[in-house]
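Numbering (our numbering), first residue to last: 3 to 482. For reference, the structure discussed in these notes is given below.
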């Protein structure tokens with residue numbers, strides 16, 4: 003999944019929120035139950051330590067000596083019925099524990115609830131904490147009636163919280179497991195639902211990208227179990243693709259038909275113009291100039307029609323090659339020869355270097371020459387007067403590498419990846435249809451070669467054509 007995809011957004015906007023809510027609810031339940039259990043313990047201590055009962059039991063012995071008070075305290079402890087519920091201590095007027103229901107008295111034990119009870123109006127106080135043994139308890143100290151403002155001791159009830167905390171821990175575990183199970187159900191059902199959206203969307207994205215690249219045969223297959231908005235969208239895209247495909251075929255057929263229709267009159271115009279030039283030679287200069295303009299523009303239109311025809315063949319898959327063994331350097335020589343005069347007239351220099359021996363290639367000579375003429379023509383077109391076009395050929399053991407470099411305006415980094423696209427023009431002010439490079443790239447690809455373009459804006463452009471060569475005896479090259 004993508005880091006910024008639907009899954010991630012779903013996790014942070016739904017699962018994380020639900021997890022936080024479940025955590026809050028679980029914590030609230032646990033704290034409420036804990037408070038309930040602790041309050042139950044507190045109420046139990048209050049029921050055990052009723053001030054009236056304690057006071058009545060010890061009231062007649064408050065002024066007695068310590069031995070008599072201790073005897074009454076032991077009697078009270080011996081009659082204590084809730085020994086399994088709470089531990090009972092009796093504290094004398096000096097704040098000393100004189101008897102306990104367990105029979106054990108710890109000298110290091112502290113009981114702050116007794117001190118608090120002495121200062122309280124109600125004569126009793128609670129305390130919650132750990133005893134010297136480490137046991138967590140809740141205690142209630144109930145003062146005996148005071149005499150002349152002086153304490154006469156107290157009765158202290160102690161209930162262990164270990165069992166309560168254990169029970170709270172069990173409940174916490176159960177609530178936690180229930181919350182995790184609920185979260186698992188939400189995640190599982192959510193994942194199923196989100197995947198039912200993400201997977202089709204990724205499929206839609208892949209197909210639409212393929213359609214954008216011109217593959218109109220692509221169709222989106224959706225799960226027939228779901229008849230929802232995504233299925234409707236897929237159906238709409240399929241319908242759109244069919245319509246685009248029909249329109250594209252109509253466009254290609256129209257271009258092909260119009261191009262063929264234009265070719266015949268252009269051929270006639272070109273032929274008669276050349277005839278008239280021959281007839282009018284050395285006669286009327288104005289007529290000659292006019293005829294030359296007509297001839298040049300006719301040739302430009304003818305080249306455009308040929309490009310359109312090649313485009314329609316390429317689009318419909320009808321571009322075919324008539325392969326035979328040729329010397330590709332001979333075709334390159336012819337292309338350079340044809341265009342050198344034009345470059346010279348425009349004040350541009352062509353530097354050409356190639357090996358003296360042949361480079362045999364299995365290729366269509368007309369198509370290969372078309373590529374060379376188009377590439378060199380572009381170099382001349384985009385190079386200003388005084389500039390230079392360099393054409394170099396390097397023959398390796400199994401391929402030939404032809405480089406055509408110019409000192410022209412160059413291509414921007416934004417335009418460079420798209421210059422081989424159909425109808426794309428980096429320089430809108432320049433003449434041309436924007437089809438030439440796309441056709442050249444297709445021709446080279448059909449020859450199992452490659453056409454690569456590198457450029458620096460303001461410095462120039464280099465076209466690198468690579469084609470596989472046929473095996474040749476090195477001694478033949480030396481002889482050549």
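Glycine included, C-beta positions come from ideal geometry on N, C-alpha and C. In this text the structure is predicted, and so the values were computed from the model without any measurement.
Between the Cα of residue i and the Cα atoms of the options, which residue gives the shortest distance?
i           : options               : result
residue 89  : 110, 101 and 36       : 101
residue 72  : 62, 92, 83 and 84     : 92
residue 448 : 365, 195, 307 and 422 : 365
residue 336 : 309, 373, 96 and 300  : 373
residue 338 : 326, 376, 363 and 420 : 376
residue 344 : 356, 217 and 381      : 381
residue 247 : 286, 217 and 156      : 217
residue 385 : 463, 439, 324 and 121 : 463
residue 211 : 399, 357 and 239      : 239
residue 193 : 13, 379 and 455       : 13
residue 94  : 68, 32 and 198        : 68
residue 78  : 103, 98 and 96        : 103
residue 333 : 153, 356, 315 and 168 : 356
residue 311 : 282, 151, 438 and 363 : 438
residue 11  : 86, 87 and 200        : 200
residue 55  : 331, 85 and 156       : 156
residue 326 : 354, 362, 351 and 105 : 362
residue 86  : 70, 96, 97 and 46     : 46
residue 470 : 410, 416 and 403      : 403
So residue i and residue j are supposed to be a Cβ contact under 8 Å. How far apart are they, rounded?
i           : j           : result
residue 412 : residue 388 : With 8 Å as the limit, residue 412 and residue 388 do not qualify as a contact, their Cβ atoms being about 16 Å apart.
residue 468 : residue 457 : That belief does not hold up - the Cβ atoms of residue 468 and residue 457 are roughly 18 Å apart, past 8 Å.
residue 394 : residue 383 : The pair is not a contact, with the Cβ atoms about 20 Å apart (cut-off 8 Å).
residue 272 : residue 231 : Not quite, the Cβ-Cβ distance comes to about 59 Å (not below 8 Å), so this is no contact.
residue 309 : residue 441 : 6 Å
residue 445 : residue 421 : Their Cβ separation, rounded to whole angstroms, is 16 Å, which puts residue 445 and residue 421 out of contact at 8 Å.
residue 378 : residue 341 : 5 Å
residue 291 : residue 279 : The pair is not a contact, with the Cβ atoms about 10 Å apart (cut-off 8 Å).
residue 50  : residue 159 : 5 Å
From residue i to residue j, what distance separates their C-alpha atoms?
i           : j           : result
residue 472 : residue 268 : 39 Å
residue 460 : residue 392 : 17 Å
residue 329 : residue 397 : 12 Å
residue 8   : residue 203 : 10 Å
residue 260 : residue 305 : 14 Å
residue 390 : residue 407 : 8 Å
residue 206 : residue 414 : 33 Å
residue 57  : residue 128 : 18 Å
residue 275 : residue 293 : 6 Å
residue 140 : residue 74  : 25 Å
residue 5   : residue 424 : Low per-residue confidence applies at residue 5: pLDDT is 45, beneath 50, and the placement is therefore not dependable, though the value from the model is reported in the following sentence. Approximately 35 Å, taken between the alpha carbons.
residue 245 : residue 237 : 12 Å
residue 134 : residue 107 : 12 Å
residue 110 : residue 118 : 18 Å
residue 480 : residue 295 : With a pLDDT of 48 at residue 480, under the threshold of 50, the predicted position of this residue should be treated as unreliable, though the coordinate-derived value follows. Near 47 Å, if we compare the C-alpha coordinates of residue 295 and residue 480.
residue 285 : residue 346 : 27 Å
residue 170 : residue 126 : 27 Å
residue 3   : residue 197 : Interpretation of residue 3 is limited by its pLDDT of 41, a score under 50 that renders its predicted location unreliable; no figure is taken from the coordinates.
residue 252 : residue 215 : 18 Å
residue 256 : residue 264 : 12 Å
residue 153 : residue 138 : 28 Å
residue 466 : residue 322 : 23 Å
residue 482 : residue 400 : Confidence in residue 482 is poor, its pLDDT being 49 and thus under 50, which makes the residue's placement unreliable; the coordinate value appears in the next sentence. So the alpha carbons of these two residues sit roughly 18 Å apart.
residue 288 : residue 270 : 22 Å
In terms of residues, what are the limits of the alpha helix (DSSP H) holding residue i?
i           : result
residue 166 : 164 to 214
residue 28  : 18 to 50
residue 148 : Neither: residue 148 is in no alpha helix (DSSP H) and is coded neither H nor E.
residue 68  : 68 to 80
residue 364 : Note, residue 364: premise wrong, no alpha helix (DSSP H); beta strand (DSSP E) at 362 to 365.
residue 11  : 8 to 12
residue 446 : 438 to 448
residue 330 : 330 to 347
residue 115 : 114 to 121
From which residue to which residue does the beta strand (DSSP E) around residue i run?
i           : result
residue 462 : 462 to 470
residue 354 : 351 to 355
residue 390 : 390 to 397
residue 452 : 452 to 458
residue 130 : 126 to 132
residue 407 : 401 to 408
residue 90  : 89 to 93
residue 222 : Where residue 222 is concerned, there is no enclosing beta strand (DSSP E), given that its DSSP letter is neither H nor E.
residue 100 : 99 to 102
Please determine whether the Cβ atom of residue i lies at a distance below 7 Å from any heavy atom of the ligand ZN.
i           : result
residue 292 : Summarising the ligand content, the structure contains no ligands, and the ligand ZN is consequently not present.
Does any residue of chain C have a CB that is nearer than 8 Å to the CB of residue i?
i           : result
residue 117 : Note that chain C does not occur in the displayed structure, where there is just one protein chain.
Stretch-stretch touch, CB-based, cutoff 8 Å, three pairs: the stretch 163 to 172 with the stretch 38 to 49:
Because the criterion of three Cβ pairs below 8 Å is met, the stretch 163 to 172 and the stretch 38 to 49 touch.
Do the stretch 14 to 29 and the stretch 171 to 183 meet, that is, are 3 or more Cβ pairs less than 8 Å apart?
In this structure the stretch 14 to 29 lies against the stretch 171 to 183, because at least three pairs of beta carbons, one per stretch, are closer than 8 Å.
Segment contact, 8 Å Cβ cut-off, at least three pairs: the stretch 135 to 150 with the stretch 50 to 62:
Taking 8 Å as the limit for Cβ pairs, the verdict is that the stretch 50 to 62 does touch the stretch 135 to 150.
Taking one C-beta from the stretch 8 to 20 and one from the stretch 181 to 195 each time, how about it: are there three or more such pairs within less than 8 Å?
Taking a cut-off of 8 Å on C-beta distances, the stretch 8 to 20 touches the stretch 181 to 195, as three or more cross pairs fall below it.
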